[in-house]
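**Q**
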Ligand SMILES: [Zn+2]
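In the working numbering, the protein residues as written are 135 to 224.
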């Protein structure tokens with residue numbers, strides 16, 4: 135399954151209660167990123183982008199790729215985030 139996400143560049147990450155589905159929020163200022171699980175389970179997937187966390191690439195349209203792949207503890211889903219597409223592997 136593939137789910138398209140928009141990338142929203144922000145200064146600080148939004149609080150959980152105002153986060154929307156299918157958006158990757160990314161702060162280059164604080165080097166953090168967060169989004170809601172692509173399965174719709176509601177879990178927040180928070181990814182620090184500093185040492186020991188995830189790496190990120192913004193393409194020419196400022197759409198994000200995160201690596202390595204991601205995992206949701208709540209629904210036990212593995213997925214990758216490539217050029218704004220969450221690719222669910224299981
Ligand atoms: Zn999930």
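Don't be surprised by glycine CBs; every beta carbon is placed ideally from N, CA and C.
Look at the Cβ atom of residue 231, then the Cβ atom of residue 182, and state whether they are nearer than 8 Å.
**A** The first residue shown for the chain is 135 and the last is 224, placing residue 231 beyond what the model contains.
**Q** Should residue 194 be listed as close to ligand 1, given that the test is whether its C-beta is under 7 Å from any heavy atom?
**A** False, no ligand heavy atom lies under 7 Å from that Cβ.
**Q** Give me whichever residues DSSP pairs with residue 215 in a beta bridge.
**A** According to DSSP, which records beta bridges pairwise, residue 215 is partnered with 200 and 220.
**Q** According to the neighbour-count rule (16 or more other Cβ atoms, all chains shown, within 10 Å of its Cβ), is residue 135 buried or exposed?
**A** Looking at its Cβ environment, which holds fewer than 16 other Cβ atoms inside 10 Å, residue 135 is exposed.
**Q** Per DSSP, residue 158 forms a beta bridge with which residues?
**A** According to DSSP, which records beta bridges pairwise, residue 158 is partnered with 141.
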